[in-house]
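Protein chains in written order, with this note's numbering: chain L, 285 to 774; chain G, 162 to 326.
All C-beta atoms, glycine included, are put in the ideal place defined by N, C-alpha and C.
Read the structure below first, then the notes.
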């Protein structure tokens with residue numbers, strides 16, 4: 285049993301990990317940069333240690349300071365959350381070399397799965413289906429020639445990266461050289477590795493992923509699938525489990541492939557195997573994420589399991605007694621990522637300060653956030669502010685619950701995508717479960733807000749202006765004649 | 162003078178038409194009878210407009226007012242009337258009395274460069290002292306009143322000359 289866990293992260297995921305630590309009676313140690321000194325994860329933890337860095341994100345990436353903080357706090361393990369150092373093999377190895385438990389997979393497994401090309405070769409060796417592809421192992425000109433031979437459309441991406449950086453769809457041989465060159469320079473900038481990779485682009489693909497959990501000794505179970513096809517800028521915004529309109533037999537084959545891959549790698553702890561599902565029912569290995577996922581709550585809702593608890597028990601030396609037959613998928617769960625952004629301006633990130641926060645409540649509603657009133661929302665960190673998750677017996681009921689919860693959520697002080705998400709949950713194609721990763725782009729016109737009626741517009745404007753001291757004084761307090769000189773101030 | 166508010170890139174005028182028996186406002190061409198229940202200035206509160214009740218949360222940050230009304234969020238741009246007029250570019254050179262009163266003191270002199278919002282003169286009207294400010298930047302071309310003199314509604318008080326760019 286672990287005694288004290290340092291969380292090398294911030295925001296909602298740090299708060300979420302701390303919650304389970306409290307439930308298990310394990311002490312929690314938070315780390316923070318000065319910019320985050322008032323953040324909820326700092327207040328929630330038993331101990332909090334400040335890290336110094338010129339750039340806030342750099343603090344959470346500083347291995348030496350994190351290990352020193354763990355020593356100071358007397359921590360016996362480090363949970364990396366997601367992002368930051370969660371999939372950094374060098375960090376995981378350094379944690380173990382310092383005599384601490386890294387709550388995640390073995391460093392060599394992180395290294396294997398972190399390299400898209402090696403991971404793909406490993407998947408092929410295990411008999412997993414992969415989309416036709418080629419990798420750059422020589423000059424960019426050679427790569428262009430090989431990629432053209434696969435046929436179009438092609439998806440070009442960074443060999444080393446994720447998160448949509450350096451990714452583009454190329455539809456003809458003419459545009460390939462320029463796009464490959466752009467992708468390569470973006471890959472170099474973001475990942476310090478300019479190698480690019482091309483694969484056959486599947487039209488109207490679905491993103492289906494499988495949550496797995498392994499004990500590091502070859503025992504691996506899956507916690508069923510998640511559908512993550514609703515994406516903007518190649519990043520997920522809505523996830524759900526089970527995947528809609530997915531035949532059980534196909535679902536079982538995808539889950540079995542995920543387990544096979546993870547078992548072959550001797551995978552330890554929680555992980556996710558991602559697949560592309562083509563409209564014809566063929567599926568292809570995409571990549572493996574060697575960490576807890578942002579969207580893990582949908583799996584927790586349908587399985588009733590606490591993934592962080594599973595992670596902590598295994599890391600604390602308990603044997604994994606979880607058997608496949610013990611895991612059931614019950615009801616339907618959705619997750620919405622609440623982001624500080626302007627959907628009407630191509631999802632441009634927004635900044636501000638949380639002025640009012642009223643999370644929705646009720647049965648089957650979960651709000652995972654790292655927010656509080658007064659918290660600045662800056663460009664220093666990721667634009668995801670919180671996650672709203674719902675669970676109900678059927679997909680339709682869960683969607684209705686999400687729609688109501690989105691309307692109930694009050695978050696003022698920064699522009700966000702809550703109303704936009706609400707429009708997706710009112711869209712007939714979405715409600716019918718006819719999803720693919722191009723959904724948001726394809727349905728862009730239907731997802732624009734309807735123009736306000738004059739009555740609603742007037743209500744919004746009056747609600748706004750009557751809340752100001754200046755106008756309400758004019759409206760309620762002044763004797764009649766003075767109102768007409770409202771712009772004269774005494 | 163109406164208050165100007167911006168929502169979804171369009172500007173609307175809000176003006177007070179009457180206060181009794183109910184607050185009566187105009188939003189562009191729409192007349193609105195308003196009842197706002199007291200809420201101690203805090204959110205949420207209920208506001209009833211033309212018989213339709215709305216649940217409202219709101220937060221102000223400088224020139225922006227964030228509003229959550231009936232399950233949706235909005236961001237309203239708000240400028241105090243003086244600054245709105247000053248920045249509109251259509252503000253008149255003529256500063257006229259909007260009601261009868263008396264000049265208490267002059268705060269600007271002939272030929273002064275003034276910026277939008279600078280005080281021009283203090284008047285007393287309806288037993289209140291009111292500072293009349295420049296609706297926009299300019300030079301004082303002429304002053305048409307003196308301290309301790311009274312004026313009627315519509316009297317020209319100060320004439321501004323636009324600054325040549």
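- Nearest residue (CA-CA) to residue 776 (chain L), options L:319, L:286, L:409 and L:529: Since the displayed chain L opens at 285 and closes at 774, residue 776 (chain L) lies outside it and no answer follows.
- Beta-carbon neighbours of residue 334 (chain G), restricted to chain L and to distances below 7 angstroms: Absent from the structure is residue 334 (chain G), since the part of chain G shown begins at 162 and ends at 326.
- Message: Measuring CB atoms only, is the stretch 479-494 of chain L touching the stretch 550-559 of chain L, in the sense that at least three cross pairs come out at less than 8 angstroms?
- Response: Yes: the two stretches touch, three or more of their Cβ pairs being nearer than 8 angstroms.
- Item | Neighbouring residues, chain G, relative to residue 640 (chain L) (Cβ below 7 angstroms) | Residues of chain G passing the Cβ test: 204, 218 and 220.
- Task: Quick one: which residues of the stretch 747-758 of chain L get their C-beta closer than 9 angstroms to a C-beta of chain G? List them in chain order.
- Result: 747, 748, 749, 750, 751, 752, 753, 754, 755, 756 and 758
- Who are the near neighbours of residue 698 (chain L) in its chain, counting only those whose CB is closer than 6 angstroms to its CB and skipping five residues on each side? Within the same chain, and ignoring the five residues on either side of residue 698 (chain L) in sequence, the residues whose Cβ sits closer than 6 angstroms to its Cβ are 624, 634, 636 and 661.
- Item | beta strand (DSSP E) segments (min. 3 residues) lying fully within the stretch 430-458 of chain L | Taken in chain order, the complete beta strand (DSSP E) segments of 3 residues or longer contained in the stretch 430-458 of chain L are 438-442 and 452-454.
- Query: Mind checking if residue 234 (chain G) is an interface residue toward chain L, Cβ cutoff 8 angstroms exclusive?
  - Reply: yes
- Under 8 angstroms, do residue 363 (chain L) and residue 310 (chain L) count as touching if we go by C-beta distance? no
- Task: Work out the CA separation of residue 749 (chain L) and residue 215 (chain G) for me, nearest whole Å.
- Result: Rounded to whole angstroms, residue 215 (chain G) and residue 749 (chain L) show a C-alpha spacing of 15 angstroms.
- Tell me, please, which residues DSSP counts as bridged to residue 288 (chain L). According to DSSP, which records beta bridges pairwise, residue 288 (chain L) is partnered with L:311.
- Enumerate, from N- to C-terminal direction, the unbroken alpha helix (DSSP H) stretches of 4 or more residues contained entirely within the stretch 301-373 of chain L. 324-328, 340-343 and 347-357
- Query: Cβ of residue 505 (chain L) within 8 angstroms of Cβ of residue 613 (chain L)?
  - Reply: No, Cβ-Cβ distance for residue 505 (chain L) and residue 613 (chain L) is not below 8 angstroms.
- Residue nearest to residue 399 (chain L) in terms of C-alpha spacing, selected from L:572, L:678 and L:659: L:572
- Query: Do you know how far the Cα of residue 275 (chain G) is from the Cα of residue 295 (chain G)?
  - Reply: 7 angstroms
- Within-8 angstroms CB hit, residue 173 (chain G) to chain L: yes
- CA-CA distance, residue 191 (chain G) and residue 739 (chain L)? 8 angstroms
- At which residues does the beta strand (DSSP E) containing residue 734 (chain L) begin and terminate? Element bounds for residue 734 (chain L): n/a, residue is neither H nor E.
- Query: Listed in chain order, which residues of the stretch 720-746 of chain L have Cβ atoms closer than 9 angstroms to some Cβ of chain G?
  - Reply: Of all residues in the stretch 720-746 of chain L, 733, 735, 736, 738, 739, 740, 741, 742, 743, 744, 745 and 746 have a Cβ within less than 9 angstroms of some Cβ in chain G.
- Message: Which runs of the beta strand (DSSP E) at least 3 residues long sit entirely within the stretch 512-560 of chain L? Give them in chain order.
- Response: Segments of the beta strand (DSSP E) lying fully in the stretch 512-560 of chain L: 519-525.
- From residue 225 (chain G) to residue 236 (chain G), what distance separates their C-alpha atoms? Per the coordinates, the alpha-carbon of residue 225 (chain G) lies some 7 angstroms from the alpha-carbon of residue 236 (chain G).
- Item | Reference residue 237 (chain L), options L:648, L:307, L:587 and L:440, closest by Cα | As shown, chain L starts at 285 and ends at 774. That puts residue 237 (chain L) outside it, with no answer to give.
- Task: Keeping to the same chain, check which residues put their C-beta closer than 6 angstroms to that of residue 755 (chain L); ignore five residues upstream and five downstream.
- Result: Sequence-distant Cβ neighbours of residue 755 (chain L) in its own chain, meaning closer than 6 angstroms and more than five residues away, are 749.
- Message: What does the alpha-carbon distance come out to for the pair residue 686 (chain L) and residue 426 (chain L)?
- Response: 49 angstroms
- Message: With distance defined between alpha-carbon atoms, name the residue in L:371, L:742 and L:468 nearest to residue 419 (chain L).
- Response: L:468
- Nearest-angstrom Cα separation, counted from residue 322 (chain G) out to residue 293 (chain L): About 60 angstroms.
- Beta-carbon separation of residue 302 (chain L) and residue 366 (chain L) under 8 angstroms? no
- Item | First through last residue of the alpha helix (DSSP H) which encompasses residue 725 (chain L) | 723-726
- Quick one: is residue 250 (chain G) near chain L, going by C-beta distance under 8 angstroms? Only weak support exists for where residue 250 (chain G) lies, its pLDDT of 44 falling under 50; the value from the coordinates is given anyway. Taking Cβ atoms only, chain L never reaches closer than 8 angstroms to residue 250 (chain G), which makes this a no.
- Please check if any C-beta of chain G sits within less than 8 angstroms of the C-beta of residue 691 (chain L). yes
- Query: Applying a beta-carbon distance threshold of less than 7 angstroms, which residues of chain G neighbour residue 694 (chain L)?
  - Reply: 218 and 229
- In chain order, what residues of the same chain have a beta carbon less than 6 angstroms from the beta carbon of residue 322 (chain L), not counting five sequence neighbours either side? Close CB contacts of residue 322 (chain L) within its chain, under the 6 angstroms cut and outside five residues either way in sequence, are absent.
- Message: Can you determine whether any heavy atom of the ligand MG sits closer than 7 angstroms to the C-beta of residue 276 (chain G), and answer yes or no?
- Response: The ligand MG is absent from the structure shown, which contains no ligand whatsoever.
- Item | Buried or exposed (CB count within 10 angstroms, at least 16 for buried), residue 723 (chain L) | Under this definition residue 723 (chain L) is a buried residue.
- What does a CB cutoff of less than 6 angstroms around residue 404 (chain L) pick up in its chain, not counting 5 residues either side in sequence? 414
- Message: Does chain L have any CB closer than 8 angstroms to the CB of residue 264 (chain G)?
- Response: no
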